[in-house]
């Protein structure tokens, strides 16, 4: 009678290396399951897992029929317990799952270690295609900074339109994020109902906020965004490479928060970050004026711009009205979703790199 091979429990997926010997167990967030077939017709499943330390790919092969059957009992967007081997695929870690199951009340694991700090603030939120947009405001009183810093802002404003408030709103070194709207990019646009993470101004009555607004501090907002981006298969923005993502990265650095997903490298890649503006304006040329408002008009979709526009965000926040900003922010996500689906159906599906 042979003894079963020993198992070692792993607390952090990041501690694994390709080719580590033996059987391992771990708790992980189940991000994706896709069924497939090998060239000889044998079934397999492509699985994506993550914890607070890393995101890794995994496979369930036909020679582990129990694990293939167990996939029917687990739910994407939930924590699972798995048994696996650490393999290598093209030099990267890939898990070979031999067993997988949902967690139970008897499982003793650290939810923060699996889901990441701030997971409780985004309870119930998980997006296959994460469409997002941010709004920012000034965060610096120039009367309280060294003269050289104030002069740097003034000189930059002089080279533009002379508006120091605008300069600080658009700089992550002088501004802050007060709103991030997030929504699911798949499904009918009419059903798109974004959730908005907001940083309330002082004195705001957060108890009066509607359910689609989630108040929190800026550090909490940043952690939540990166958690959502890490779990998504695709992140979609409009000019996110030019503004939103660099702003989020820089604010995360200021707060010593890990930017958990690389959304900036390889500017011509469509995944993991699809910047619709870059798809339409490669190299920044081609269409002339091509704001989200203009593009929606040209494609026949409702414009996200009404009485509110970007220049009004800072004074609106200064008046203490974060709800109007959140509504405006959510409207941009709905419009971005419409443009994404239009490009997906009429352009992206015909590209070899999609």
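Residue numbers (our numbering): 1 to 354. Every residue gets a Cβ at the ideal spot worked out from N, C-alpha and C, and that includes glycine. The structure presented is a predicted model; accordingly, all values stated were derived computationally and were not measured.
Asked	Found
Measure from the alpha carbon of residue 172 to the alpha carbon of each residue in 71, 246 and 24, then state which is nearest.	246
Among 43, 93, 326 and 62, which has the Cα closest to the Cα of residue 19?	93
Go through its chain and collect everything with a Cβ distance to residue 390's Cβ below 6 Å, but skip five positions before and after it.	With the chain running from 1 to 354 in the structure shown, residue 390 is simply not present.
Leaving out the 5 sequence neighbours to the left and right, which residues in its chain are closer than 7 Å to residue 190 when beta-carbon positions are compared?	none
Alpha carbon to alpha carbon, what distance is there between residue 307 and residue 287?	26 Å
Just to check my reading of the structure: residue 179 and residue 302 have Cβ atoms closer than 8 Å, yes? What is that Cβ distance to the nearest angstrom?	Their Cβ separation, rounded to whole angstroms, is 20 Å, which puts residue 179 and residue 302 out of contact at 8 Å.
Where are the beta strand (DSSP E) runs, 3 residues long or more, that stay fully inside the region 103-146, in chain order?	129-138
Going straight from the alpha carbon of residue 46 to that of residue 119, what length do you get?	25 Å
Beta-carbon within less than 7 Å of residue 186's beta-carbon, same chain only, minus the 5 sequence neighbours each way: which residues are those?	128 and 129
In the DSSP output, which residue or residues are listed as bridge partners for residue 46?	34 and 59
Going by the CB atoms, is the gap between residue 101 and residue 70 shorter than 8 Å?	yes
Between residue 235 and residue 272, which are expected to be in contact by the criterion C-beta below 8 Å, what is the C-beta distance as a whole number of angstroms?	6 Å
Expressed to the nearest angstrom, what Euclidean distance is found between the alpha-carbon atoms of residue 230 and residue 183?	15 Å
Going straight from the alpha carbon of residue 21 to that of residue 7, what length do you get?	10 Å
To which residues of the same chain is residue 25 closer than 6 Å at the C-beta, ignoring the five residues directly before and after it?	7, 9 and 83
Judging by CA-CA distance, which residue of 111, 89 and 68 is the nearest neighbour of residue 78?	111
Helix, strand or coil for residue 316? Go by DSSP, reduced to three states.	helix
Buried or exposed, going by whether 16 or more other CB atoms sit within 10 Å of the CB of residue 274?	buried
Put residue 252 into one of helix, strand or coil per three-state DSSP.	helix
Specify the secondary structure class of residue 11 as computed by DSSP and reduced to three states.	coil
Identify the residues that DSSP records as bridge partners of residue 213: which are they?	196
DSSP puts residue 182 in a beta bridge; with which residues?	132 and 195
By how many angstroms is the C-alpha of residue 114 removed from the C-alpha of residue 108?	12 Å
Do you know how far the Cα of residue 87 is from the Cα of residue 121?	34 Å
What residues match up with residue 265 in a beta bridge as DSSP calls it?	Answer is none; residue 265 lacks a bridge partner.
Over what stretch of residues does the beta strand (DSSP E) that includes residue 237 continue unbroken?	234-237
Enumerate in chain order the residues of its own chain whose CB-to-CB distance from residue 340 is below 8 Å, with the five nearest sequence positions on each side excluded.	129, 131, 185, 236, 274 and 276
So, is residue 240 buried or exposed, given that buried needs 16 or more other C-beta atoms within 10 angstroms?	buried
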